[in-house]
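J.:
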Amino acid sequence: MFKHLIATLCLSALPSALAAAADLPPTDLEQHSDHESTIALSVSAGGCNADTLIDANNTTPYRWVIIGEGDSSVATLKLDYEAPVPASRGGAVLCGAPGKLRVSVIGHRPGVTEYVLGYTHLADRHARPARKLTLRITVTPSK
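Per mature numbering (1 follows the signal peptide of the UniProt record, and there is no 0): the sequence shown = residues -19 to -1, 1 to 124.
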């Protein structure tokens, strides 16, 4: 009888919980429909850089991490999160607002390589990433 009472209480609370969840604003993950994409970058050898910016929000439990290593003798990556700093706030970081991940590609020698970034949950880095980004990098001879 006690189990039946608990089951009844849980089921009766479910519709109101679902309605409350429907009123929540979309998360940064729900706003992106493209869960897998590729960016082609070209950089010169000899330590030259090429940068790209990716939407990110370090105030959520998700982070962009390298999940597929490329050939580090051809190119390496440097990942830096940039929080928004509106001029109206006198240079103060706007806490809680989405920022950008700056991906710097450093070319070392001519060749082609790929790195894969995954937007993964901090608590479960082995789960399937919510988003996946492949960086196809071509390093040309330095001029």
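Every residue gets a Cβ at the ideal spot worked out from N, C-alpha and C, and that includes glycine.
Taking DSSP's pairing of strands, which residues face E95 in a bridge?
T.: Answer is R117, bridged to E95.
J.: Residue range of the beta strand (DSSP E) that K81 falls in?
T.: Residues G80 to G88.
J.: CB-CB under 6 angstroms to V24, same chain, minus the five flanking residues each way: which ones, in chain order?
T.: Around V24: A31, V86, G88 and V120.
J.: With H, G and I counted as helix, E and B as strand and the rest as coil, what does DSSP make of S69?
T.: Three-state result, S69: helix.
J.: Here's the rule: buried if 16 or more other CB atoms are within 10 angstroms of the residue's CB, otherwise exposed. What is T40?
T.: Exposed is the call here.
J.: Please classify E17: does DSSP put it in a helix, a strand, or coil?
T.: Residue state, collapsed to three classes: strand.
J.: Counting pairs of beta carbons, one from the stretch 51 to 58 and one from the stretch 107 to 120, are three or more of them closer than 8 angstroms?
T.: Flag = yes, the stretch 51 to 58 and the stretch 107 to 120 touch.
J.: Check V74 in the structure and name its three-state DSSP category.
T.: Three-state result, V74: coil.
J.: Quick one: is P67 buried, meaning 16 or more other Cβ sit within 10 Å of its Cβ, or exposed?
T.: Exposed.
J.: Name the DSSP bridge partner or partners of E63?
T.: Paired residues: K81.
J.: By the DSSP assignment, the beta strand (DSSP E) with A33 in it spans what residues?
T.: Note on residue identity: the sequence assigns Thr, not Ala, to residue 33. That run of the beta strand (DSSP E) goes N30 to A37.
J.: Under a Cβ-count criterion, where at least 16 other Cβ atoms within 10 Å of its own Cβ denotes burial, should L103 be classed as buried or exposed?
T.: Exposed, since its Cβ has fewer than 16 Cβ neighbours within 10 Å.
J.: Pull up the distance between the alpha-carbon of S123 and that of P65, whole angstroms please.
T.: Cα-Cα distance, rounded: 34 angstroms.
J.: Over what stretch of residues does the beta strand (DSSP E) that includes R44 continue unbroken?
T.: Segment Y43 to G49, the beta strand (DSSP E) holding R44.
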